[in-house]
Each structure stands twice: as structure tokens, then as C-alpha cells.
Amino acid sequence: MMGPTSDDLATRSRRALDDEFLRRAVRFTVERLRDGKAKSTASIQDWEELRERARGIREHVIQHLDYYLARFTSELEARGQHVHFAADAQEAASIVLGLVQEKRARLVAKSKSMVSEEVGLNHRLAAEGIECVETDLGEWIVQLAKEPPSHLILPAIHKSRAQVQALFAADGAGAVPPETRALAGYARQRLRDVFSAADVGITGCNFAIAETGSVVVFTNEGNGRMVTTLPRTHIVMMGAERILPTLADLELFVNVLPRSATGQKITTYVNMITGARRDGEADGPEDLHVVVVDNGRSRLVGDRDFEPVLDCIRCGACLNVCPVYRNIGGHAYGSVYSGPIGAVLTPLLLRDEPRARELAQASSLCGACYQACPVKIPLHDMLVTLRQRAAEASDSMSPERLAFGTFGTVVQNPWLYRLTTGLFRALVRYLQRHAAGLLPRLPVISGWVRHRELPLLEGKSFRAEYRKFRKQAEKQG
Amino acid sequence: MKVALFVTCLVDQAAPGVGMATVRLLEQLGCEVWFPEQQTCCGQPALNSGYPDQARQAALSLMDAFESAAYVVSPSGSCVGTIHHHYPHLFDRDPELLERARRLIDKTYELSQFLVNVLGRTELGARLETTATYHASCHAHRLLGIKEEPLQLLGQVQGLELIPLARVEDCCGFGGAFSVKLPEISATMADEKIDAIESTGAAYVVSTDVGCLLHLSGRLARRGSPVKTLHLAELLWQAMRGVAS
Chain S
10 MMGPTSDDLA TRSRRALDDE FLRRAVRFTV ERLRDGKAKS TASIQDWEEL RERARGIREH
70 VIQHLDYYLA RFTSELEARG QHVHFAADAQ EAASIVLGLV QEKRARLVAK SKSMVSEEVG
130 LNHRLAAEGI ECVETDLGEW IVQLAKEPPS HLILPAIHKS RAQVQALFAA DGAGAVPPET
190 RALAGYARQR LRDVFSAADV GITGCNFAIA ETGSVVVFTN EGNGRMVTTL PRTHIVMMGA
250 ERILPTLADL ELFVNVLPRS ATGQKITTYV NMITGARRDG EADGPEDLHV VVVDNGRSRL
310 VGDRDFEPVL DCIRCGACLN VCPVYRNIGG HAYGSVYSGP IGAVLTPLLL RDEPRARELA
370 QASSLCGACY QACPVKIPLH DMLVTLRQRA AEASDSMSPE RLAFGTFGTV VQNPWLYRLT
430 TGLFRALVRY LQRHAAGLLP RLPVISGWVR HRELPLLEGK SFRAEYRKFR KQAEKQG
Chain E
152 MKVALFVTCL VDQAAPGVGM ATVRLLEQLG CEVWFPEQQT CCGQPALNSG YPDQARQAAL
212 SLMDAFESAA YVVSPSGSCV GTIHHHYPHL FDRDPELLER ARRLIDKTYE LSQFLVNVLG
272 RTELGARLET TATYHASCHA HRLLGIKEEP LQLLGQVQGL ELIPLARVED CCGFGGAFSV
332 KLPEISATMA DEKIDAIEST GAAYVVSTDV GCLLHLSGRL ARRGSPVKTL HLAELLWQAM
392 RGVAS
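For the protein sequence lines, the chains are S and E, in the order given.
Count along the first sequence starting at 1, add 9, and that's the number in this note's numbering.
Count along the second sequence starting at 1, add 151, and that's the number in this note's numbering.
Following this line, the structure appears as C-alpha cells:
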């Protein structure tokens, strides 16, 4: 789930910031998405009430996840369909691989599935000589570029039309003009062959309805329909938390998800799949398998600090308003999930991956993510708690830990506070006057002066000024 | 009305003028201002860096300092936001301390909140011939819900042309430790904000928080921009003093 990179967040973000083109492309699209969301939610009078209801339903589901998963499973199995449970990424990929091999499939068509990215499915299949082609346009583009997706719902948000044209040319498109219609035309024609030749279709799952055993998939491109009807076998990969209790609950989320994601009132397609082809039906797969992926999720049920992260409906609204994401894009996070939700979810799912811990630093804690979240996940507070966990896991002699240990003592003793701040001010003032060249070499200050001027700490502190002011007033009074 | 000033460590050390402007303008409006010397910091730097124990130490010290105050007023949405938003969580395992924290929360106001919602004043008899744009600090507007108060106050300053800022609620990129831990991202965010500020053509950018303003002024200076930063308290006091003298 984390890329194989050994570099750190700071290095990756600097690389992204230097890529003027990437920043422009990402900014242009997220601005469009957030304005679209603002417009489409403004047209709903009780948006805040919808958010609260959506949050309430998600919370209820997560608190009773075992019950609803069992219900979903029994509904599906009663109709002769298959449900598999995967404890971790490895097992999830193994189950899918097993199914694909059982069908003797060489070609797999996949519509968008973040959980398949999370478990590294494509690599696993490729290692066994099975070609798995992404059929969501954006996913296909990043697959051709051999890159992971850089946004929850727009995987190729960082690519320009010219870059897409080059990728398509390398794929054999020849001289396709760099226009959206022509590029989409090429993809359509190429992917149509994949749809009809694939033996297995894999999709993700936006919502799983416990009451009916239905899998609900929102798409805009129609590829989801092709993948779920043409190949003989349909495999659904779903995170274990994707459940909604009833079809009636889905109505609310049909209102909430597309608006939050793209600003659409509804996506072009909303597929509800309740089993494979039945007797007398014209199309659809022969069998349907649902792979329910845990991979660290059930561990979060009951977690006082982090359980609500399972409420997430993967709309990407937090990415679209995040000023950090807007400037560094998704790849700088170094994980499949990026933006505020990625910065929270990644270290929680990858508990034993120390490199994931620093993601909690990728935020100014501005709170825009919480404000945008349709299910009100307090991401900004979770980031603070994750920083706490990272601090606890850090070396007890690390400079930061020692500094904050001192901070704790200083803030409790006003005289010590006056003394240390006074010394600090005097030191900075001295350096500013006599050795400004040293400032960029000092810890903390170096980070400031690299990009900003340091305020001149001339004059006295407020408390000294205030004392003088009161004395003067007394004299005059 | 007797008002205790929570000046914040940042104002105390890096922007004493903001503290003095707050004192003077509150007195001008008839408040009796006192400054409990025991106060240090609200604990936000420790909390946001992942050190809640040290943040609690700061919070306890602050609760002591303001124990006897009826009203606590501070020229910082961020520090007041920490008290309002984070103290309940910091003390949620100790009912007695939680009760003390709630008492502090109930009487603590950011300056513009206090002026508009407690004193009921928006017209301060102020006059300043200049142009300004207002930047909403994240903690003031998202943690405390301060949206209209600063604009109401600025709107009543005679002679002041207030020019709306595009994407006024977007973060300026300060973020405390974030500004030095990931300085490149922080500075890029400042540049987004400064581009928006410069396109208003205003002479000043005004905000409720010294953190945002130090970060923006540092970046404005590095860019060689002519735009100046002013804390809301400084602008209001300048404008009141101008009329008074």
C-alpha cells in the first residue's frame, strides 16, 4: 500500500512542488470539483441535516458491522452467490488470484476499485502471468504510465491531455490529436476489445446493502456496466466497512456521494447488482463472488479515537478542499490513499509501517477536510491524535521530545517562561544583528527563514511593555 | 466591566503591539483590563505536535491564571480555539478538571467575538483612510465559528475600504509547527493566499491571528510585496486613536 520509495514526505513534496505542471493540473481540477460540490449542496436546503443523517447511519453500521456483514452474506448466499472474507491484503489478492486461476482466465477487465489498489492486486495477477486491464479511463491512464492513482475518484488528475496523448501513442494509438473526445475515442475502442475478450470482470463496491445483498457501484463512464455484464465471472472487491443497512438508506447516500465527489446530483450510472444472471435473463455473468477485505479495518471498530474513519464513503471531498493536497498532489503521500483521509487512514491500516506515521504531519490542521466531509469525520482531530502516537513511538531522546519536555516545565513556571523567552529573544536579536548567516543553520528557525523573513524581535515583550504602560498611567493618574 | 487579557505567548514574544492595542481599545470602550502575570501559553504547540501531556500542563497553568476572571479576552482565534475545541478532550477523563476547563471555556472570548457579541459594539467611533482585505484564520472561523464579527467591526470603520478576499476561508499555510516542518508546502500555501491578497489591490491584510500574520508578513517581505499585515486589534486601535486625538 505504501510505494517502494525510501524517500520521505518532505522529499516527495519538494519534488511535487517543483513540478509546476502537476500543481497547475491538480489545482485546476480540484477547484472545479470543490466549486461543483459547493453549488450542488447549496441547492439542497438541508445539506447539514443530510450530513448528520449520513453520519448517523454510517456510525450505526460500523457499531454493528458484524451483524450487517452476516446479513449481507446470508442474503447473497441464499441466492447462490459466493462471499469470501480476506483478513489482510495478501489473502485478498490470493482469493482473487485463486478465482481467476480456477476460471483459467488470462485476461481480466477491472473497473475502478481502490481496495484492489490497496491490496496490490494488479501486481499479484501480473506475477502469475494474468493481464488485468483497468477500464476506468483515469485508472487506465495511470496503468499505462505505471503509476498508482493520485486521487480517490480521479486517478489521473495530475496528467495533462498532452501526457495522455503520449501514453496512448506508446500504446499504439498513432497520431491521436490531444483532444478529450479523440483521446476518449481511442480508449473506448481499445477497451471495448478488453470487455469482450475478458474472462473475468472485477469491480469495486461503493455500497453493499445488507437487507438485500446488493452491491452498488457508481460510475460515470459505463465501463462498470461492461465489466459486470460481459465477462463470465464477476468478482467484487469491497472494504468490509462499505455496508448500508437498507435500500432506503441508499437513497440518502445517492444524494450525498455524487454531490460530495463531483458536484453531480447523481452519477451517470448507478448499478445495483444482486446476483449473477438468472434463468431467462439476457446478460450478466454466470457467477458472482464478493471478496470482503478487512486489512486492518475491524481493528478500528471500537477504537475510541479512530472508529469514525470507517464511516468514510470515499468521495474525495476532503482531498478537493485540502490546501496541502492541492499543492503536492496524491503521489507525494506515497500511499494508495492520499489527501487528509489518506494521511489518517494509511497509518491506521499500516500500523506496523513506520514510514506511514509521518503522513500525519502533512496538514496545517486547517479543518477544511472536516468541513467538507459528508459524514463529518473529524479528520483534523484524528491527525492530532496520530501525531501523538507518532511522538510516543519516537526515540525518547529525540530533540523534539526533549524540547517539548522542557516546554511542559516552562509553561508551568511564569518566571522560567520569562527567563527562557527572554534569553531566546536576546539570542535571536543578537544573531539577526551580528550573525544573520547562522540563522539558516539553526533548528526550527532554518525552516522559517528558508522561505520567509524572520520578524525582528526588537523592543520588549508584551508583558514588559504592559508594566511600563501601567507605571506611566499611575504616574499620570 | 472587568476583563482579563490572555495575550498568548506568540503576541507576548513576537507582536507586543497587538497586545497593547487590545488593552488600549478595550479601555477606550470602558473596560477595566488586567493582565494576570502567571499566564504563559495555551499549550497548542505541544498539542498539535503530539504532546498532550505537556499541553495539559500548559492548560492547567492557564486555568490557574484565570481562575478569578469573569471574562477572558484574547487577540487570537487560534489560542481561544484551542481552549474551546481541545480542552474538553484533554480533560475528558477527569470530571473535576473537565469542569474547570468548561468554566474557562464559558468565559473566554476572542477579541472580535467579545466586542460584537458581549459588549454589543460594532461602531467604535473609528476612522482610517486606507484599503484592507480580511483573511479568515482557520481556527477563528472553523473552531470558533467567527465569520461576521471581524467584518462587522471593519465595516464600521469610517474611511476604510474593505475589499473582499477570494477564497477567504482557505488556509494561509502557517499551521504552527507545520510551517517549519514542511516549509516548502507552507510557503506555497502562503503564495496562494498572497496572490489572492495582492489581486484585491488592498494596502493591508487584516486577520484575528498573529500566527497567520507573521507567516504572511515574512513571506510578503521575502517576495518584496508592498502589502502590509495588521492584526484586527491594531487596525481598530489605530482607527480609534486617530479619531480620539
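Idealized CB from N, CA, C, for every residue including glycine.
- Of all residues in the region 346-375 of chain E, only L365, H366, S368, G369, R370, A372, R373 place a beta-carbon less than 8 Å from a beta-carbon of chain S.
- The three-state secondary structure of N199 of chain E, taken from DSSP, is helix.
- With a contact defined as Cβ atoms closer than 8 Å, I139 of chain S and R115 of chain S qualify at about 6 Å.
- Counting only residues of its own chain and dropping the five nearest sequence neighbours on each side, C141 of chain S has a CB closer than 6 Å to the CB of V117, K119, N131, L134.
- Sixteen is the threshold: when 16 or more other Cβ atoms of the shown chains lie within 10 Å of the Cβ of H460 of chain S, as they do, the residue is buried.
- Its chain contains L367, R370, L371, R374, S376, V378 as the residues whose beta carbon lies nearer than 8 Å to that of I345 of chain E, once the 5 sequence neighbours on both sides are disregarded; these appear in chain order.
- The C-beta of V308 of chain E has 16 or more other C-beta atoms within 10 Å across all chains shown, which makes the residue buried.
- Relative to L156 of chain E, the option among E:L177, E:N268, E:A165 whose CA is nearest is E:L177.
- In this structure, G362 of chain E sits near F325 of chain E, with a CB-CB distance shorter than 7 Å.
- Neighbours of D163 of chain E across chain S, judged by C-beta separation under 7 Å: S470, F471, R472.
- The beta carbon of L256 of chain S is closer than 7 Å to those of I218, E220, T221 in its chain, skipping five residues each way along the sequence.
- The beta carbon of C182 of chain E is closer than 6 Å to those of M152, V154 in its chain, skipping five residues each way along the sequence.
- Interface annotation for the region 299-326 of chain E against chain S: D321, C322, G324, F325, G326, criterion Cβ-Cβ distance under 7 Å.
- DSSP, reduced to helix, strand and coil, places C141 of chain S within a strand of the structure shown.
- Contact check for G338 of chain S and V35 of chain S: beta-carbon distance about 5 Å, within the 8 Å limit, so the pair qualifies.
- E183 of chain E is outside the set of residues whose beta carbon lies under 7 Å from a beta carbon in chain S.
- Under DSSP, I252 of chain S takes part in a beta bridge, and its partners are S:A217.
- G272 of chain S is positioned such that its CB atom lies no closer than 7 Å to that of S122 of chain S.
- Annotated as proximal: G348 of chain S and C327 of chain S, with beta-carbon spacing under 7 Å.
- For M152 of chain E, there is no enclosing beta strand (DSSP E), since its DSSP letter is neither H nor E.
- Residue nearest to L387 of chain E within the set E:V162, E:D163, E:G168 is E:G168 (criterion: CA-CA distance).
- Contact between the region 277-294 of chain E and the region 357-372 of chain S is not established, with fewer than three Cβ pairs separated by less than 8 Å.
- For A63 of chain S, the enclosing alpha helix (DSSP H) starts and ends at 56-72.
- Within chain E, the residues whose beta carbon sits less than 8 Å from that of Q380 of chain S are R293, listed in sequence order.
- The alpha-carbon separation between R199 of chain S and V236 of chain S amounts to approximately 14 Å.
- Straight across, the Cα-Cα distance linking L163 of chain S with L146 of chain S is about 9 Å.
- When the Cα atoms are used, Q205 of chain E and L198 of chain E turn out to be separated by approximately 7 Å.
- Residues of chain E with a Cβ closer than 8 Å to the Cβ of R396 of chain S are, in chain order, N199, S200, G201.
- Within the DSSP secondary-structure output, Y285 of chain E pairs in a beta bridge with E:V357.
- Taking a Cβ-Cβ cut-off of 8 Å, R438 of chain S has no neighbours in chain E, whose nearest Cβ is about 12 Å from it.
- According to the DSSP secondary-structure assignment, F227 of chain S is paired through a beta bridge with S:V279.
- Not flagged as an interface residue toward chain E: L448 of chain S, since no C-beta distance is shorter than 7 Å.
- When 8 Å is used as the limit between beta carbons, N336 of chain S is near these residues of chain E: I336, T339, M340, E343, in chain order.
- With a cut-off of 8 Å on Cβ pairs, the region 80-88 of chain S is not in contact with the region 185-193 of chain S, counting fewer than three such pairs.
- Beta-bridge annotation (DSSP): D75 of chain S is not paired with any residue.
- Scanning the region 343-422 of chain S from its first residue to its last, no whole beta strand (DSSP E) run of 3-plus residues comes out.
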